[in-house]
Amino acid sequence: MQETDLLWTLVSLVIIGLSYFAIIVFVFGLLSRLWEYLRTPQPLPGAVTPAPTSNAGAAVRVAKDVLIFPSLWKADKFLWAGSWLFHVTLALVLFRHLRYFTYPVPSLVLKLQPVALTIGYIFGITILYLFWRRLALPRTLYVSNLPDYFALALLGGIAATGIIVSYWTHVNLVDVKAFVIGLLTLHPTPPPNHPLFLLHFMLVLLLMIYFPFSKLLHAGGIFFSPARNQPFQVQEAGKRYVNPWDTPES
Amino acid sequence: MAKFDETPIIKDPARDGIVTAPELREHATAGVHCWPGKEKDFTAIGLPPERVPNWQEKAIEKFGELLEKNKALRVYMDICVRCGACTDKCQFFLGTGDPLNFPVARAELMRKVYRRYFTPGGRAFPQLNDAADFDEEMLQKWYTYFYQCSECRRCSVFCPYGIDTAEITMAAREIMSSIGVATKYVTEVVAKVYETGNNLGIPSAAWKDNCEFLEEDVQEETGLPIRFPVDDEGADILLVPPSADNFANVDTMIAYGKLFHFLGIRWTTSTYCNEGGNFGLFLNYKNLKQVNKRIVDAARMLGVKTIIWGECGHAWRAAVLTPTLNGPMDMFDPPYPYHISQFVVDMMKKGAFEGKIDKSANDDLIVTYHDPCNTARAGQLLEEPREIIRAACNHFVEMPADTIREKTFCCGGGGGLLTDEIMPIRMAGGKPRAMAVKHVKANYLATICAICKAQLPEVMGYWDVPVQVGGVLQLLTNALKM
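Chains as they are written, first to last, in my numbering: chain A, 1 to 250; chain B, 1001 to 1482.
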């Protein structure tokens, strides 16, 4: 066995090990944080009004928050545009990555193919914009801290390497797919030996490990914000909001 | 002119009634503090009489307890992305330029401590994760800046996740109060409620006297036998006004009397609880609950059918919590809790005032409406006051859209800030409201909150806006053909 082969085997093993570690940290880390949010009681009703008066209305309010960012629209139109495009293109990019995970590839994913590069570029540009915005406005510069820059830099690195390996120095799609499906079916095979792809992949693993310990938790946390997910209905007869740790009955 | 240090206040004029974000002026308000409270009051309301010896440990312990008991706090500690959407929304930043009055920066004072003691990253690498010890310097920052927040929730409206700084400020004040750190103003007011039944410390005898004087005055003015009953057992309605209505804002008190006289309803106030305001909201859960319980107890003692809350903003915020805090209210006639504005609108819908309103009585007034932060953003009362004003006045103008309804500005004195030693904060915080009023050139600023009614005349005077501040109900009773 040649020395380089040995080294590559070791690297492969480390990457495979890291992959499983990242998946476990991501899934269990995220679930445990969300479980914390779910199980922690909300003592007092706290909807910021005007609020819907029914549970269905509150659900619609949260759905709007998740999908169209109405608060940011009210607050700052440029920030709204930047962050909405950022999130939508991120979702589309993730969706398109299904082609590395599935066989056969869903037709909807294939339909994205002609615009995929454009989506990738928009995603990258919005990251640059959000990074620039933090530095350029005195107010955002003041509130931004290291983790804020780190999260954007990490996503930027992932976007850049992703675009490069898809459109410039191509990585073999079949190899990638074999590797990813191998990981997911618990029959790991060595990753494609393509340094930029490996960098892309490692950055994604880093993001997954970082996710449950960071502000990226807003992705799940947004569903648990009492100011938004509660209806305003304290006035209905026979119906009252109960504080689980203090429930006076008379 | 002004008898206080004006350096924290930014005097730049507004454009079209809107105050835009000023340049940052770090530490501009770092020296503006509320006076610390007194041992006597602390003891009376169940706080440690002085700062406890192991305060750091105790504060972190309390912080942990609140994280377990309060979903809002738990979630809001984690999910802020520091996008900056809130940074130009707080009236205390707009008026002072101090970046620690960004809602996000204020909350970060708490998050730094959260990360240091409750997250693995912050425990292991505090510098990398912007985490900080809860030391004397941090406690001083908490004491300063969590008492420069009026818990008005304006920032929450613009936050993509609705992060409610009021929840964070309340938690910070709860933690501080648990180690014996709180302001004189807030603790004194809570202590007065237990002693006299109201925030102003008016003794029962004086309350009764005031009501009798009012009866005589109003009789003289109108020739009508309008009554201001006190402790009337068997009345149908217990009115819980802010106590200031019987002292500083008597026009509002007279309006209650005229309204009930007109409707022929037997009503009363209570000397056990002649206060809707609840400074427990600005201190801790225990006092919030205890102060609010007095209202329900007073209603039971008098055997009334319904409680009606008067023109007070944070009283209404506490009122909507009543069924949760103090048990089911099913012994009263619904709807409950019931606000005087809702009551009037319901009566209006029933036709009680049909043909009896002479709007021209208010023709000398150009009225605009200031939404109190609490009725608008914590109490769902946006339409009712406007309906009453429209029914009673010919000249009603709205201020710019970004300054009313759910985007309303705090008057600058809510949340336990209505105290003279922080006058620079109050006048700076009132600036956005003053500029909006100036822009619409109203001569009557109507509102339904006693704190706004105490704060706004000073604000309007300071910013040179010639306008009378008054209640909403009195506009209606002024136009009623009795």
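A virtual CB, placed ideally from N, CA and C, is assigned to each residue, including glycine.
Taking 8 Å as the CB-CB cut-off, is A/Gly57 touching chain B?
-> At a cut-off of 8 Å between beta-carbon atoms, A/Gly57 makes no contact with chain B.
Helix, strand or coil: which one does DSSP assign to A/Trp245?
-> A/Trp245 falls in the coil class under three-state DSSP.
Would you list, in sequence order, the uninterrupted alpha helix (DSSP H) runs of no fewer than 4 residues that lie entirely inside the segment 1010-1054 of chain B?
-> Here the runs fully enclosed are 1039-1044.
Closest residue to B/Thr1169 among B/Asp1209, B/Asn1199 and B/Glu1108 (Cα-Cα distance) = When B/Asp1209, B/Asn1199 and B/Glu1108 are compared, the shortest CA-CA separation from B/Thr1169 is found for B/Glu1108.
Spatially closest choice to B/Pro1099 from B/Lys1141, B/Arg1116 and B/Val1186, by CA coordinates | Cα-wise, what sits closest to B/Pro1099 is B/Lys1141.
Classification of B/Pro1337 by the beta-carbon crowding that lies within 10 angstroms, buried from 16 upward = Buried, because 16 or more other Cβ atoms sit within 10 Å of the Cβ of B/Pro1337.
Under 7 Å Cβ to Cβ from A/Ser144, same chain only, skipping five residues before and after it: list those, please.
-> Cβ within range, chain order: Arg134.
Residues of the segment 1011-1040 of chain B whose Cβ lies closer than 8 Å to any Cβ of chain A, in chain order | If you check each beta-carbon in the segment 1011-1040 of chain B against every beta-carbon of chain A, the ones closer than 8 Å belong to Ala1021, Glu1023 and Leu1024.
Alpha carbon of A/Lys64 to alpha carbon of A/Pro50, nearest angstrom | Between A/Lys64 and A/Pro50, the C-alpha separation is close to 15 Å.
Can B/Ala1319 and B/Gly1276 be called in contact, C-beta distance under 8 Å?
-> Contact flag set, yes.
Mapping DSSP to helix, strand and coil, what is B/Leu962?
-> Residue numbering for chain B in the displayed model covers 1001 to 1482; residue 962 of chain B lies beyond these limits and cannot be assessed.
Within the same chain, show all residues whose beta-carbon is closer than 6 Å to that of A/Phe86, passing over the 5 residues directly before and after it, in chain order.
-> Excluding sequence positions up to five before and after A/Phe86, its CB lies within less than 6 Å of the CB of Thr126, all in the same chain and listed in chain order.
Go ahead and pull the three-state DSSP assignment for A/Trp84.
-> Residue state, collapsed to three classes: helix.
The segment 1076-1083 of chain B / the segment 1132-1146 of chain B touching (three or more Cβ pairs under 8 Å) | Touching, no.
Through-space distance from A/Leu67 to B/Ala1392, alpha-carbon basis = Just so you know, the alpha carbons of B/Ala1392 and A/Leu67 end up roughly 42 Å apart.
DSSP on A/Val143, reduced to helix/strand/coil?
-> Helix, per DSSP.
Paired residues, beta bridge with B/Gly1223 - DSSP | Per DSSP, none; premise fails for B/Gly1223.
Going along chain A in order, which residues have a C-beta closer than 7 Å to the C-beta of B/Glu1068?
-> Neighbourhood of B/Glu1068 in chain A, by CB distance below 7 Å: Thr40, in chain order.
Classify B/Ala1392 as helix, strand or coil using the three-state DSSP reduction.
-> B/Ala1392 falls in the helix class under three-state DSSP.
Please specify which runs of the beta strand (DSSP E), each continuous and at least 3 residues long, are wholly inside the segment 1220-1273 of chain B, giving them in chain order.
-> With a minimum length of 3 residues, the unbroken runs of beta strand (DSSP E) contained wholly in the segment 1220-1273 of chain B fall at 1237-1240.
At 7 Å on the CB atoms, spell out the chain B contacts of A/His218, in chain order.
-> Residues of chain B passing the Cβ test: Ile1079, Val1081 and Tyr1161.
What are the boundary residues of the alpha helix (DSSP H) that includes B/Val1157?
-> Note, B/Val1157: alpha helix (DSSP H), Arg1154 to Phe1158.
Answer with buried or exposed for B/Met1001, where buried requires no fewer than 16 other C-beta atoms within 10 angstroms of its C-beta.
-> Its pLDDT being 49, under 50, B/Met1001 is placed unreliably in this model, and the coordinates cannot settle the point.
Are the C-beta atoms of A/Trp245 and some chain B residue less than 8 Å apart?
-> At least one chain B Cβ lies under 8 Å of A/Trp245.
Residues of chain A with CB under 7 Å from B/Lys1071, in chain order?
-> Chain order gives the chain A residues near B/Lys1071 as Tyr37, Thr40, Pro41, Gln42, Phe224 and Pro226, where near means a beta carbon separation below 7 Å.
Paired residues, beta bridge with B/Ala1446 - DSSP | DSSP lists B/Tyr1369 and B/Gly1470 as the beta-bridge partner residues of B/Ala1446.
Are the C-beta of B/Asp1164 and some C-beta of chain A separated by less than 8 Å?
-> Yes - at least one Cβ of chain A is within 8 Å of the one on B/Asp1164.
Within-8 Å CB hit, A/Tyr149 to chain B = With respect to chain B, the C-beta atom of A/Tyr149 has no partner C-beta closer than 8 Å.
Residue-level contact to chain A via CB, B/Met1001, 8 Å cutoff = Low local confidence applies: a pLDDT of 49 at B/Met1001 is under 50, so the model's placement there is unreliable, and no value is given.
Can you have a look at B/Val1296 and say buried or exposed, based on whether 16 or more other CB atoms are within 10 angstroms of its CB?
-> It counts as buried.
8 Å CB neighbourhood of B/Gly1180 in its chain, flanking five on each side removed | The residues Phe1042, Leu1047, Pro1048, Pro1049, Glu1050, Arg1051, Val1052 and Trp1055, in chain order, have a CB closer than 8 Å to that of B/Gly1180 in the same chain once the five nearest residues on each side in sequence are set aside.
Confirm, please, whether the CB-CB distance from A/Val62 to A/Arg228 is below 8 Å.
-> Their beta carbons are under 8 Å apart, which means A/Arg228 touches A/Val62 by this criterion.
Short check: CB of B/His1395 to CB of B/Ile1366, under 8 Å?
-> Result yes, Cβ atoms of B/His1395 and B/Ile1366 sit closer than 8 Å.
Taking only beta carbons into account, state which residues of the segment 109-135 of chain A come closer than 7 Å to chain B, listed in chain order.
-> Listed in sequence order: no entries.
With B/Met1399 and B/Val1459 assumed to form a contact (beta carbons below 8 Å), what rounded beta-carbon distance in angstroms separates them?
-> Contact annotation, B/Met1399 with B/Val1459: C-beta distance approximately 14 Å; criterion of less than 8 Å not satisfied.
Do the CB positions of A/Pro41 and B/Lys1011 come within less than 8 Å of each other?
-> At a Cβ-Cβ threshold of 8 Å, A/Pro41 and B/Lys1011 do not count as neighbours.
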